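Engineer: Mind looking over this structure? Questions follow.
Numbering (the UniProt record's numbering), first residue to last: 1 to 235.
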């Protein structure tokens, strides 16, 4: 598949550019295949590119000196991340890690800045993405503290099917129970239990190595009527 075809499928913002702007992106963009577990971008390094996932699944995570790691969000194919660090000309505050073998694109900062200067549709797209990203992280901060593991898995999956952040993905995502556990911060066994409960509720179908969502709004709202702090639930 040609690069332009890949971008048409995995970059909604590429489709709003004119021919000259698309040519600039194709010229400057670099594409890399990464294996599962690879660190794509490191916390503390100066942001020099906008990062896109053309295929696969990556996670955004933070860690400390004791080795504890917390996943902030997952990014499936079609997702682009890291624009905040580029806009502020600052170092990354998180790691970007491949959860499985993936294909990653990098749009260098000069090309990113050029699009900002020359494309109103690109600016509008970025504004919507930033707004949606803020809402996503506010919601995550809330449900990490207030919801039980079943609801956390539901909300985690709902994030991955966000049509504004990951447009054109459809309602089926290739993802393992172990990967769901990583992103929702529960064990693989606990993720399996939650997925089965969500399936029984008619919100999704669990397939071999994949999840098909049947009721996205239901996933987004799951557990909101029983905000249970996990520690209290365990007690």
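We put the CB at the ideal spot given by N, CA and C, even for glycine.
The structure displayed is predicted, hence computed values, not measured ones.
Under 8 Å, do residue 58 and residue 40 count as touching if we go by C-beta distance?
Structural biologist: Result yes, Cβ atoms of residue 58 and residue 40 sit closer than 8 Å.
Engineer: Which ranges would you report for the beta strand (DSSP E) in the UniProt domain "Cyclic nucleotide-binding" (13 to 133) if only whole runs of at least 3 residues count?
Structural biologist: Segments of the beta strand (DSSP E) lying fully in the UniProt domain "Cyclic nucleotide-binding" (13 to 133): 30 to 34, 39 to 41, 49 to 55, 57 to 63, 69 to 76, 95 to 98 and 102 to 108.
Engineer: Pull up the DSSP beta-bridge partners for residue 172, would you.
Structural biologist: 212, per the DSSP bridge assignment.
Engineer: Which residues in the same chain have their Cβ closer than 6 Å to the Cβ of residue 112, if we skip the five residues on either side of it in sequence?
Structural biologist: Correct list, in chain order: 50 and 86.
Engineer: Is it true that the CB of residue 76 sits closer than 8 Å to the CB of residue 182?
Structural biologist: The answer is no: Cβ separation not under 8 Å.
Engineer: Please classify residue 149 as buried or exposed, where buried requires at least 16 neighbouring CB atoms within 10 angstroms.
Structural biologist: With 16 or more other Cβ atoms within 10 Å, it is buried.
Engineer: Which residue comes first and which comes last in the beta strand (DSSP E) that contains residue 180?
Structural biologist: First-last for residue 180: 177 to 184, but that is the alpha helix (DSSP H), not the beta strand (DSSP E).
Engineer: Please name the residue, chosen from 213, 188 and 193, that lies closest to residue 158 on a Cα-to-Cα basis.
Structural biologist: It is 213.
Engineer: Would you grab the beta carbon distance between residue 91 and residue 73 for me? Rounded to a whole angstrom, and I think it's under 8 Å.
Structural biologist: Not a contact, Cβ separation roughly 19 Å.
Engineer: Per DSSP, residue 204 is paired with what?
Structural biologist: Bridge partners of residue 204: 213.
Engineer: Which two residues bound the contiguous alpha helix (DSSP H) that contains residue 149?
Structural biologist: Start and end: 149 to 160.
Engineer: What residue range does the alpha helix (DSSP H) around residue 4 cover?
Structural biologist: Segment 3 to 10, the alpha helix (DSSP H) holding residue 4.
Engineer: Three or more C-beta pairs under 8 Å: does that hold for the region 185 to 198 against the region 113 to 129?
Structural biologist: Touching, no.
Engineer: Hey, would you say residue 105 sits closer than 8 Å to residue 29, going by beta carbons?
Structural biologist: Their beta carbons are under 8 Å apart, which means residue 105 touches residue 29 by this criterion.
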